[in-house]
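J.: Starting off with a structure, shown below.
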Amino acid sequence: MLAYDFMNQAQPQGKTMMLDKGLGLNAVDDLLATAGDYISFAKFGWGTAATMNRDLIAAKTAKYDAAGIMPYPGGTLLEVAAMNGHYDQFLVETKALGFKGVEVSDGSTQMGATTRDELISKAREAGFFVISEVGKKNPELDHELTVDERLDLINSDLNHGAHYVILEAREAGKNIGIYDANGNIIDDELDALAANGTDQLIFEAPLKNQQVALILKYGTQVNLGNIAYDEVTSVETLRRGLRADTVGKV
Amino acid sequence: MLAYDFMNQAQPQGKTMMLDKGLGLNAVDDLLATAGDYISFAKFGWGTAATMNRDLIAAKTAKYDAAGIMPYPGGTLLEVAAMNGHYDQFLVETKALGFKGVEVSDGSTQMGATTRDELISKAREAGFFVISEVGKKNPELDHELTVDERLDLINSDLNHGAHYVILEAREAGKNIGIYDANGNIIDDELDALAANGTDQLIFEAPLKNQQVALILKYGTQVNLGNIAYDEVTSVETLRRGLRADTVGKV
Amino acid sequence: MLAYDFMNQAQPQGKTMMLDKGLGLNAVDDLLATAGDYISFAKFGWGTAATMNRDLIAAKTAKYDAAGIMPYPGGTLLEVAAMNGHYDQFLVETKALGFKGVEVSDGSTQMGATTRDELISKAREAGFFVISEVGKKNPELDHELTVDERLDLINSDLNHGAHYVILEAREAGKNIGIYDANGNIIDDELDALAANGTDQLIFEAPLKNQQVALILKYGTQVNLGNIAYDEVTSVETLRRGLRADTVGKV
């Protein structure tokens with residue numbers, strides 16, 4: 136039973152994707168005990184999974200899976216594998232390590248539309264839950280992407296079988312995608328991208344002001360991503376109206 | 136015995152209030168082993184305590200209590216409870232969970248002076264150590280509070296039985312209370328608030344430059360709050376003159 | 136065996152010095168399991184070692200040592216000991232606690248050239264691996280140091296037996312040494328300091344943009360320091376071209 140149970144309303148249902156950039160098992164245990172119920176996806180950021188022993192990664196994916204959280208490796212790792220002609224091997228290893236999902240992105244590499252669609256389809260066929268990502272890691276390249284191009288990518292990815300589409304903001308959340316150089320939301324851009332609804336969008340929102348703004352705009356159902364492991368509890372309090380920024384507003 | 140015992144002088148006696156925003160038990164064990172002797176209060180930030188299981192919260196309060204640290208739930212949780220007419224239930228649950236103190240604030244809600252005084256008195260009567268907090272979480276509302284109004288609140292809270300009064304700075308420490316938009320101290324404001332002494336004041340000071348400035352101004356006896364769990368040791372080195380910023384100055 | 140072993144090239148050989156500012160044993164265990172292979176030096180930042188029990192420090196140094204990582208206490212601690220006439224006692228205690236190295240600096244205190252040379256020589260004679268540091272913790276004092284003076288110190292330290300020389304940037308990495316107020320590299324200064332090669336230099340580089348710039352400029356062999364404990368894995372992915380900033384560039 137939750138502490139202060141009489142104060143809690145029904146649990147908000149928006150998805151939270153947590154960024155695991157290399158947690159050890161003690162930290163994962165702490166995370167699951169404190170906030171495991173509030174995490175839907177655990178992304179092993181970029182290529183971090185490839186710097187650790189297989190046994191350790193398998194132990195982590197097993198812990199997440201047992202807690203009802205879907206672990207998946209970062210899109211950059213998939214991109215590098217695909218770029219080097221190792222995509223089939225990547226999918227085999229990803230499954231062997233206990234990951235249930237993959238992220239298909241082109242944030243770190245150049246990739247034609249056909250390739251992107253094929254990567255998504257192949258991952259689906261291999262039995263993976265597929266999340267795609269729209270946006271470039273390099274701010275200059277990212278700024279070249281128009282809103283219309285982003286919308287086309289979102290729609291195309293969903294049509295090719297992606298379950299969710301992430302809007303890129305990296306770990307830092309500034310000068311990229313829907314955020315300006317100070318990390319504040321560019322409203323016109325956000326509104327355009329969300330024109331067809333937000334149910335299948337995951338907004339990367341590493342900064343608190345971003346989390347607050349998106350919850351106040353779209354409600355507690357909004358899906359948030361790239362949440363640092365030690366901010367998951369804070370995000371949950373924002374969704375529940377238990378932190379000043381959202382008290383009495385959700 | 137402390138390492139390098141021959142270098143250590145008597146331990147500084149200023150209080151340190153640490154912000155626990157959702158630590159798991161492994162992290163709490165690490166914290167107590169490394170810096171438990173340097174923490175007086177462990178605040179379970181804002182409403183975080185209400186997102187976790189009762190058993191977990193009780194295990195944490197027991198660990199803090201056994202280490203001589205007073206655990207207490209964040210003021211926002213108390214405010215939400217009071218706002219919804221659950222204050223009595225809140226005090227019962229807070230005691231049942233093993234908390235020894237409460238924080239009475241109006242940072243997240245509007246509250247008349249009478250209500251504030253009653254909340255403090257009731258908590259005292261229920262056997263709690265009471266810390267109050269002065270300041271608004273929303274910067275615009277906070278800026279409306281004059282120095283005189285803050286001083287009146289401090290005096291009134293102490294008269295109604297608060298043991299300490301916290302000067303609000305939130306987790307981020309910028310554009311609020313005695314800090315400007317860059318997190319630097321506004322000297323006139325600080326001097327006015329400290330005119331009657333600082334023994335019963337706890338300055339929220341999450342940023343290192345704030346900790347340094349307050350220690351250099353008031354000495355190692357100054358009470359500091361909202362110290363991140365992984366900064367407690369750093370604060371202790373500042374108090375002891377074992378970090379560059381205070382070497383030879385304390 | 137590493138996860139995704141087919142994607143990994145030979146391990147980069149540049150040294151990584153990690154800043155331990157007070158980790159507990161659970162966190163050290165996590166660190167060693169996830170990234171122990173990628174750390175060469177564990178610096179117990181500034182005077183943090185002197186705030187903890189001897190048993191705890193000895194347990195930590197033993198863990199690092201067993202993992203092939205050299206633990207050493209921060210330069211500030213050595214400076215304070217020397218300033219107070221406790222240098223011999225400092226070396227005895229440092230050895231007794233299981234540290235294998237020391238850092239000789241004058242970032243927090245004033246020290247004549249002769250003293251500096253003597254401290255280095257004495258530590259060498261006592262069997263320590265010696266790392267020196269060039270730079271002042273106080274930005275104003277640091278700005279007074281010319282490039283030529285820094286180069287002279289580097290050469291003198293190496294001539295007196297230092298194994299490596301660290302270029303100071305503190306924990307924050309801004310407005311100090313080779314970094315401007317925004318934490319960006321001052322190219323002219325860096326080029327001048329690196330004119331005689333970088334094999335024996337360790338660049339403190341706590342910020343990601345600094346790590347990226349140094350890896351892209353000098354290659355994956357570059358020695359990086361003051362890496363936060365939860366950024367070691369990220370730095371390793373940068374060295375391996377597994378994070379966007381270096382994909383296809385290393």
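Protein chains in written order, with my numbering: chain F, 136 to 385; chain P, 136 to 385; chain L, 136 to 385. Just so you know, even glycine gets a beta-carbon here, dropped at the ideal spot from N, CA and C.
Could you run through the region 177 to 205 of chain L and flag, in chain order, every residue whose CB is less than 9 Å away from some CB of chain P?
T.: Within the region 177 to 205 of chain L, the residues whose Cβ lies closer than 9 Å to some Cβ of chain P are G180, W181, G182, T183, A184, A185, T186, M187, N188, R189, D190, L191, I192 and A193, listed in chain order.
J.: Which residue wins for smallest C-alpha separation from P:K271, given the options F:E339, F:A379 and F:G171?
T.: Locating residue 271 of chain P in the second sequence gives position 136, counting from the first residue. Comparing Cα positions, the closest option is F:A379.
J.: Give the DSSP-derived three-state secondary structure of L:P147 in the structure shown.
T.: Along the third sequence, read from residue 1 onward, the residue named residue 147 of chain L stands at position 12. Reduced to three states, the DSSP call for L:P147 is coil.
J.: Run through the DSSP bridge pairs and tell me what L:V239 is partnered with.
T.: Residue mapping note: residue 239 of chain L aligns to position 104 of the third sequence, counting from 1. Partner(s): L:S267.
J.: Determine which residues of the region 145 to 167 of chain L have a Cβ less than 8 Å from any Cβ of chain P, and write them out in chain order.
T.: Within the region 145 to 167 of chain L, the residues whose Cβ lies closer than 8 Å to some Cβ of chain P are K156, G157, L158, G159, L160, N161 and A162, listed in chain order.
J.: Check the Cβ of L:E253 against every Cβ in chain P and list those closer than 9 Å, keeping chain order.
T.: To locate residue 253 of chain L, count along the third sequence from 1; it is residue 118. The contacting residues do not exist; L:E253 stays about 20 Å from chain P at best.
J.: So, with DSSP's three-state summary, where would you put L:V300?
T.: The residue you call residue 300 of chain L lines up with position 165 of the third sequence. L:V300: strand per DSSP, three-state reduction.
J.: Is F:D155 helix, strand or coil by DSSP?
T.: Here residue 155 of chain F refers to the residue found at position 20 of the first sequence. Strand at F:D155.
J.: Quick one, which residues of the region 316 to 329 of chain P are near chain L if we go by CB-CB under 9 Å, in chain order?
T.: Per Cβ criterion, the list is empty.
J.: Can you give me the C-alpha to C-alpha distance between F:R259 and F:S240, rounded to a whole angstrom?
T.: Within the first sequence, numbered from 1, the residue matching residue 259 of chain F stands at position 124. Within the first sequence, numbered from 1, the residue matching residue 240 of chain F stands at position 105. Between F:R259 and F:S240, the C-alpha separation is close to 15 Å.
J.: How many whole angstroms separate the CB atoms of F:T381 and F:I350, which I take to be in contact at a CB cut-off of 8 Å?
T.: Taking the first residue of the first sequence as position 1, residue 381 of chain F is located at position 246. Taking the first residue of the first sequence as position 1, residue 350 of chain F is located at position 215. Yes, F:T381 and F:I350 are in contact; Cβ-Cβ is about 6 Å, under 8 Å.
J.: Within the same chain, show all residues whose beta-carbon is closer than 8 Å to that of P:N290, passing over the 5 residues directly before and after it, in chain order.
T.: One-based indexing of the second sequence puts residue 290 of chain P at position 155. Cβ within range, chain order: N331.
J.: Rounding to the nearest angstrom, what Cα-Cα distance links F:K195 and F:F179 in this structure?
T.: By one-based count along the first sequence, residue 195 of chain F stands at place 60. By one-based count along the first sequence, residue 179 of chain F stands at place 44. One C-alpha to the other measures close to 10 Å.
J.: F:T368 CB to nearest chain L CB: under 7 Å?
T.: Residue numbering aside, residue 368 of chain F sits at position 233 when the first sequence is read from its first letter. Cβ-Cβ to chain L under 7 Å: no for F:T368.
J.: Along chain F, in chain order, which residues have C-beta atoms closer than 8 Å to that of L:L377?
T.: Numbered from 1 along the third sequence, position 242 holds the residue referred to as residue 377 of chain L. Within 8 Å Cβ-Cβ: W181, G182, T183, A185, T186, T211, L212 and V215.
J.: Would you report the Cα separation of P:G123 and F:S256, rounded to the nearest angstrom?
T.: The structure shown does not extend to residue 123 of chain P, since chain P spans only 136 to 385, so no value can be given for it.
J.: Among the residues of its own chain, which have a CB less than 6 Å from the CB of L:T244, if the five just before and after it don't count?
T.: For this step, residue 244 of chain L is matched to residue 109 along the third sequence. The answer, listed in chain order, is E214 and M218.
J.: Under a three-way DSSP split, which group does F:P274 fall into?
T.: Against the first sequence, residue 274 of chain F aligns to sequence position 139. Helix, per DSSP.
J.: Quick one: does P:A138 have its CB under 7 Å from some CB of chain L?
T.: Within the second sequence, residue 138 of chain P is the residue found at index 3, counting from 1. Yes, because at least one Cβ of chain L sits closer than 7 Å to the Cβ of P:A138.
J.: Restricting to Cα atoms, I'd like to know which of L:A201, L:Y207 and L:L166 is closest to L:A177.
T.: What you label residue 177 of chain L is simply residue 42 of the third sequence in a count that begins at 1. Considering only alpha carbons, the answer is L:Y207.
J.: So is P:G184 buried or exposed if we call it buried at 16+ other beta carbons inside 10 Å?
T.: Numbered from its first residue, the second sequence carries residue 184 of chain P at position 49. The question names Gly, but residue 184 of chain P in the sequence shown is Ala. P:A184 is buried by the Cβ-count criterion.
J.: So, with DSSP's three-state summary, where would you put L:L137?
T.: Taking the third sequence and counting its residues from 1, one reaches residue 137 of chain L at position 2. DSSP places L:L137 in strand when its eight states are reduced to three.
J.: Is the distance from the Cβ of L:I321 to the Cβ of L:I311 below 7 Å?
T.: Translated into positions along the third sequence, residue 321 of chain L becomes position 186. Translated into positions along the third sequence, residue 311 of chain L becomes position 176. It is not a contact, given that the beta carbons lie outside the stated cut-off.
J.: On the CB-based measure, 16 or more other CB atoms within 10 Å of its CB, does F:T281 come out buried or exposed?
T.: Within the first sequence, numbered from 1, the residue matching residue 281 of chain F stands at position 146. Counting Cβ neighbours within 10 Å, F:T281 comes out exposed, since fewer than 16 surround it.
J.: Check whether the region 360 to 377 of chain F touches the region 141 to 150 of chain P, counting contact only when three or more Cβ pairs, one atom from each stretch, lie closer than 8 Å.
T.: Touching, no.
J.: Tell me, please, whether the region 218 to 228 of chain F touches the region 149 to 160 of chain F by the rule of three or more beta-carbon pairs shorter than 8 Å.
T.: Contact between the region 218 to 228 of chain F and the region 149 to 160 of chain F is absent, because fewer than three Cβ pairs lie under 8 Å.
J.: With 7 Å as the limit, tell me which residues of the region 226 to 254 of chain P have their beta carbon closer than that to any beta carbon of chain F; keep them in chain order.
T.: Within the region 226 to 254 of chain P, the qualifying residues are E228, L232, G242, S243 and T244.
J.: With distances taken Cα to Cα, identify the nearest neighbour of L:N294 among L:R251, L:D283 and L:L377.
T.: Position 159 of the third sequence, counted from the start, is the residue given in the question as residue 294 of chain L. Out of L:R251, L:D283 and L:L377, L:R251 has the C-alpha closest to the C-alpha of L:N294.
J.: Residues of chain F with CB closer than 7 Å to the CB of P:K272, please, in chain order.
T.: Against the second sequence, residue 272 of chain P aligns to sequence position 137. Under the 7 Å cutoff, chain F gives A379.
J.: Taking C-beta pairs closer than 9 Å, name the residues in chain P that L:H278 reaches, listed in chain order.
T.: Taking the first residue of the third sequence as position 1, residue 278 of chain L is located at position 143. By Cβ distance, chain P contributes nothing, its closest Cβ being about 15 Å from L:H278, past 9 Å.
J.: Considering P:L280, what are the terminal residues of the beta strand (DSSP E) in which it resides?
T.: Here residue 280 of chain P corresponds to residue number 145 of the second sequence, with the count starting at 1. P:L280 -> no beta strand (DSSP E), and no H or E assigned at all.
J.: Given a cut-off of 7 Å, decide if P:Y364 and P:L137 are closer than it, judged by their beta-carbon atoms.
T.: Within the second sequence, the letter at position 2 stands for residue 137 of chain P. Within the second sequence, the letter at position 229 stands for residue 364 of chain P. No, the pair does not count as a contact, with Cβ atoms beyond the cut-off.
J.: Alpha carbon to alpha carbon, how far is P:F338 from P:I301?
T.: If you number the second sequence from 1, residue 338 of chain P lands on position 203. If you number the second sequence from 1, residue 301 of chain P lands on position 166. Going by the C-alpha atoms only, they are around 6 Å apart.
J.: Could you pull the start and end residues of the alpha helix (DSSP H) that L:A202 belongs to?
T.: Position 67 of the third sequence, counted from the first residue, corresponds to residue 202 of chain L. First-last for L:A202: undefined, no H or E at that position.
J.: With a cut-off of 8 Å on the beta carbons, I'd call F:L212 and F:W181 a contact; round off their distance for me.
T.: Numbered from its first residue, the first sequence carries residue 212 of chain F at position 77. Numbered from its first residue, the first sequence carries residue 181 of chain F at position 46. About 7 Å separates the two Cβ atoms, so the contact holds.
J.: Leaving out five residues before and five after P:A340 in sequence, what residues of the same chain have Cβ atoms less than 8 Å from its Cβ?
T.: Counting from one through the second sequence, the residue named residue 340 of chain P turns up at place 205. These residues qualify, in order along the chain: A304, G308, Q346, L349, L359, G360, N361 and I362.
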